[in-house]
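Below you'll find the structure, written out as structure tokens, and then a few comments.
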Amino acid sequence: MIERIDELFADNGLLSKHISGYTSRTQQLEMARQVGEALTHGDILIAEAGTGTGKTFAYLAPAMLSGQKVFISTGTKNLQDQLFNKDLPKLREVLSVPLKTALLKGRSNYLCHHRLELAESEPGQQYHQHTLQTLREWSGKTTTGDLSETDLLEENSPLWPKVTSTVDNCLGQQCPQYDECFIVEARRKAQEADIVVVNHHLLMSDMALKSSGQGEVLPDADAYIIDEAHQLPAIASQFLGHRVSSHQIQELSRDSIREMEAEATDMNDIRTAAEQLDNRLHQFNLSLGEHEQRVPWQPVLEKSQDIIEKLDTLLESLEKLEIQLDAASERGRGLEQCHQRCQDLIERLSIFQQNEQTDLVLWLDNRSSSFILHATQQEVSQYFQAWIKDKPQAWVFTSATLTVAGKFNNFTHQLGLEDPVTASWQSPFDYGKQSLLYMPSIPVEPSNPNYNSHVAEVAKSVIEHSQGRIFLLFTSYKAMHEVAEALKESDYPVLVQGSGAKTQLLEEFRSHGNAILLGTNSFWEGVDVRGEALSCVLIDKIPFASPGDPVLEARINDLKERGGNPFRTIQIPAAVIQLKQGIGRLIRDTHDSGVLVLCDPRFLSKPYGKVFMRSLPPMPISQNIEDVETFFARRV
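For the sequence shown, position 586 matches number 586 in full-length UniProt numbering, and the numbering has no gaps at all.
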């Protein structure tokens, strides 16, 4: 395989006309060889590949040449679609390798024939009748049922959960439309394919199911390639715990009544119990208040006897419904399934009633009219380690941001990876010529109430020279909105996260060519704007995660109790990775140039600032705004 890889990635090799001009052939070849070796010998490889190294082809080609069944997992569904619809077909054409590929997403991405039928017959759907009818017509034309193929539904549409299934409400082989099921067909194709493209959420869902002995989502594979691997630890922690949402309870209540009307019309006590459950859920929701917050659960209980009482009555109502569903479960698959769901909700909700120490972090995500109760694992390393040992196949973890100050220790510790092969290729871009790092002298620390006004003044002075064309990345919505208010009279278009869908804002930013875009978390990663439309990135402060985040708070306290230093071990490494992601928005190819603005004075004033500075690309540094003016003037 290595000889074939050499032929492919040579300057005049088969891939030469397909590789973009900004890709480093040498680095891409070295990475492809490393991936090929890992697949051949069943190694664990951690490969950091900076922007422009061409890592996608560098792992795809060896995977396609290996003759193995390989799962490729990505951080987002958009990247999943790009891999499957663009990159894989291009490589398959070049390689002329006879292999099957498949795309597999979580079940909530696929239209469910049965749920669509139920939604069409549900009272009160007149407002959505046209959309439902259009979805019905589309269901007869699509071959995949993947809702990303159509713009008929927005992702936040209330219809989305009504026309897709969940593990809870899927009828499985007893579904009347099982033979037409899009998910079944997608999984069949994944079973038969050589290369299967999944996403981290689906991969971790499969891991959680297997860890609990409850089955599996994915078939076995010979090798796993994890792209955007820096996201994996956080996503794994979501799936290795439990959650109970108001939506799940509402759905159980609604489905119980619906199945009773279809299969057991003589058992009206189910309706009575379900309606009482709805009432108790509403009361519990009210007791939590309307204030949107993410907080540890134990202090919430300790502050309010009313919440404890409302939780007790909610559980009692679930138990009453469970008794009724138990008696009716033999009447049909739908009622049997509702009974199983009810038992599961009782078991999970009971965790939040108990006042016991567990290794789970209990916390509340409260919205204005709904809630989610989470029981999250503090650490995932032991579970991931056990999972890998149970799957002694090749594992390749890759991303542009895996090291902290040049070391992989943080990533390997998070996933419990023992003795991996590690390799790092820095971006081939010439940051010395293509960029400038501007570090303005801000006289106050970020904790100062006037800090955001200083950031706004810095932004104004930089925008004057960049003529718009700037991303302003923030660590909080409050800071973003304060600076946006200060920039509202700008001569350039101002786009603010939340004023439209992310894809729409990015399209506007590109089309204007001189816009100012202000964003928080979701704009720090996965955003690719090339050319002069993006010529400057400003970061308001070091992106330390809020210590008030319930899971982070628990991890910090646990490490303190064991005599560790959570700031150095947890908070700094996470902030370095986030910072590197934000900086990665600036230079996307060899023709890009731009100024990076780091406002936070702690980069230079605090000892830990050196860790961040050692993790930056090799950019020229200045504290003079005149150098910013000169930089942009040279590129006019």
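Here a beta-carbon is modelled for each residue, glycine too, at the ideal position from N, C-alpha and C.
| query | result |
| --- | --- |
| Backbone CA spacing between D344 and S245 [nearest angstrom] | 12 Å |
| E48 and L402 closer than 8 Å at C-beta | yes |
| Residue from V611, T53, L65 whose Cα sits closest to the Cα of I577 | V611 |
| Within the stretch 200–265, ranges of the alpha helix (DSSP H) (whole runs, at least 4 residues) | 200–211, 232–239, 246–263 |
| Residue of H200, L99, V35 minimising C-alpha distance to K105 | H200 |
| Chain-order list of residues whose beta-carbon lies under 7 Å from that of K100 (same chain, five-residue window excluded) | E192, A193, D194 |
| At least 3 beta-carbon pairs within less than 8 Å: the stretch 107–117 vs the stretch 165–183 | yes |
| CB of I542 within 8 Å of CB of L495, strictly | no |
| Buried or exposed (CB count within 10 angstroms, at least 16 for buried), T134 | exposed |
| Whole-number beta carbon distance between V197 and L103, since they are thought to touch under 8 Å | 5 Å |
| Residues that H374 bridges to, as DSSP identifies them | R243, W363 |
| Closest Cα partner of T590 within the set P428, S605, H481, D600 | P428 |
| T398 versus G42, I2, A58, residue with shortest Cα-Cα distance | A58 |
| N- and C-terminal bounds of the beta strand (DSSP E) containing residue 664 | The chain is shown from 1 up to 636; residue 664 falls before or after that span and cannot be answered. |
| Euclidean distance between Cα positions of F603 and V458 | 16 Å |
| Reference E626; option with closest CA among P440, L517, E251, Q354 | P440 |
| Own chain, CB closer than 6 Å to P493, minus 5 neighbours either side, in chain order | H512, A515 |
| Span separating the alpha-carbon of T257 from that of H242 | Correcting the residue identity first, residue 257 is Ile in this sequence and not Thr. Straight-line Cα distance between these residues: approximately 26 Å. |
| Bounding residues of the alpha helix (DSSP H) (the contiguous stretch that carries Y59) | 55–65 |
| Three or more C-beta pairs below 8 Å linking the stretch 285–303 and the stretch 549–562 | yes |
| The beta strand (DSSP E) enclosing V595, as first and last residue numbers | 594–598 |
| Cβ separation of D359 and Q385, assumed to be a contact under 8 Å, to the nearest whole Å | Incorrect: roughly 15 Å between the Cβ atoms, too far for contact. |
| G145 burial status per 10 Å Cβ neighbour count (16 or more: buried) | buried |
| Three-state secondary structure assigned by DSSP to A423 | strand |
| Short Cβ contact (8 Å threshold) for Y178 with S73 | no |
| Same chain, Cβ closer than 7 Å to H454, neighbours up to 5 away in sequence not counted | I442, V444 |
| Buried versus exposed call for L598 [16 or more other C-beta atoms within 10 Å across all chains shown] | buried |
| Closest residue to G140 among H128, C181, A119, Q248 (Cα-Cα distance) | C181 |
| Reference L472; option with closest CA among G526, L534, Q434 | L534 |
| Reduced DSSP secondary structure (H/G/I, E/B, other) of D528 | coil |
| Where V94 falls: helix, strand or coil (DSSP) | helix |
| Sequence ranges, beta strand (DSSP E) only - wholly within the stretch 562–619, length at least 3 | 594–598 |
| Bridge partner(s) assigned by DSSP for Y110 | D146 |
| Contact set for I5: own chain, Cβ-Cβ below 8 Å, skip 5 residues either direction | L29, A32, R33, G36, A61, P62, L65 |
| Contacts around K606, its chain only, beta-carbon distance under 7 Å, and the 5 residues preceding and following it disregarded | none |
| CA-to-CA distance, L506 to H481, given in whole angstroms | 18 Å |
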